[in-house]
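Below is one structure, written out as structure tokens; the observations come after it.
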Amino acid sequence: MRLLIARILLTVVFMTKADEPNLTAIDSYLTMWDRFAQGDNSLVPKLKESWPVARSELVKALEAKDRRAPSRVVFLVLVQIGGSIPVDSEIGRAWHSYAGEFPSQDLGKGSEYFAADFYGWWKRNQSPSNDLPLLVEWLSRDLARTKWIPMYERLSATKQ
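121 is the number that this note's numbering gives to position 120 of the sequence shown; each next residue is one higher, with no gaps.
Here it is as structure tokens:
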């Protein structure tokens with residue numbers, strides 16, 4: 002019931018049709034995550050509160066085959082530095098439906114999709130007209146260029 006009320010409110014606030022993915026809600030969440038990753042720990046309660054709606058909208062976008070959705074999933078795991086998505090989660094199943102075969106690993110708690118694989122997928126499938134501007138901006142940051150991207154590239158290369 003809460004999710005339904007939240008979805009209705011977001012539809013009114015962000016002026017989207019109920020059956021269309023609300024990219025504004027997703028992007029707002031990702032922007033908050035980026036600020037948290039840069040040290041704004043005061044955002045933890047808001048991140049927890051807004052995650053159910055952001056997750057639901059991201060799943061909806063993937064299931065609708067919205068070409069703007071993949072870069073948002075990629076950013077979500079990259080900004081978490083070494084992030085992963087459980088294969089059997091709502092987003093994991095929606096990602097598999099969108100992307101098809103995708104590498105996963107089982108490290109003892111169930112199979113997961115990992116950030117390095119998302120980065121490699123994005124490099125092969127990037128779409129400048131559909132990519133999340135925040136992802137493109139994050140990838141150009143010094144720390145990402147000098148530390149995180151090389152790490153993801155090394156991890157991705159070891160799997161090939």
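Yeah, the Cβ is synthetic: ideal placement off N, Cα and C, and Gly gets one too.
Which same chain residues, not among the five before or five after residue i, have their C-beta less than 6 Å away from its C-beta?
{"i": "TRP123", "result": "VAL75"}
{"i": "TRP34", "result": "VAL80"}
{"i": "ALA95", "result": "VAL60, LEU63, GLU64"}
{"i": "ALA38", "result": "VAL80"}
{"i": "GLU91", "result": "VAL60"}
Run the CB neighbour count on residue i, radius 10 Å, all protein chains shown included, and call it buried at 16 or more, exposed below.
{"i": "GLU102", "result": "exposed"}
Can you tell which of the options has the C-alpha that lies nearest to the C-alpha of residue i?
{"i": "PRO134", "options": "SER29, GLY109, GLU21", "result": "SER29"}
{"i": "GLU138", "options": "ASN23, THR32, LEU24", "result": "THR32"}
{"i": "PRO71", "options": "ARG125, THR147, PRO151, SER51", "result": "ARG125"}
{"i": "SER85", "options": "PHE115, ILE150, ARG146", "result": "PHE115"}
{"i": "PRO87", "options": "ASP107, GLN127, TYR99, ILE27", "result": "ASP107"}
Have a look at residue i and residue j and give me their C-alpha separation to the nearest angstrom.
{"i": "SER141", "j": "SER43", "result": "25 Å"}
{"i": "GLY1", "j": "PHE119", "result": "Here the chain has residues from 2 to 161 only, and residue 1 is not among them."}
{"i": "LEU5", "j": "PRO53", "result": "Note that LEU5 scores a pLDDT of 47, beneath 50, so its modelled location is shaky; the value from the coordinates is reported in the next line. If I take the Cα positions, the gap works out to 11 Å."}
{"i": "ARG69", "j": "GLY83", "result": "22 Å"}
{"i": "LEU144", "j": "SER57", "result": "30 Å"}
{"i": "ASN131", "j": "ASP20", "result": "20 Å"}
{"i": "ASP67", "j": "ASP41", "result": "31 Å"}
{"i": "SER164", "j": "VAL45", "result": "This structure does not reach residue 164, given that the chain is present from 2 up to 161, and the question cannot be answered."}
{"i": "PRO151", "j": "LEU136", "result": "16 Å"}
{"i": "SER128", "j": "ARG73", "result": "12 Å"}
{"i": "LEU77", "j": "ALA100", "result": "16 Å"}
{"i": "GLY121", "j": "HIS97", "result": "15 Å"}
Going by beta carbon distance, what residues of the same chain come within less than 7 Å of residue i, once the five residues before and after it are set aside?
{"i": "ALA117", "result": "TYR153, LEU156, SER157"}
{"i": "GLY93", "result": "ILE86, PRO87, TYR114"}
If you drop the 5 nearest sequence neighbours on each side, which residues of the same chain put their C-beta closer than 8 Å to that of residue i?
{"i": "LEU48", "result": "TYR30, MET33, TRP34, PHE37"}
{"i": "TRP149", "result": "LEU79, ILE82"}
{"i": "ASP89", "result": "GLY111, SER112"}
Taking only beta-carbon atoms, is residue i less than 8 Å away from chain C?
{"i": "LYS47", "result": "You won't find chain C in this structure, because it holds only one protein chain."}
**Asked** In chain order, which continuous runs of the alpha helix (DSSP H) of length 4 or greater are located wholly inside the region 108-161?
**Response** 116-126, 134-141, 150-159
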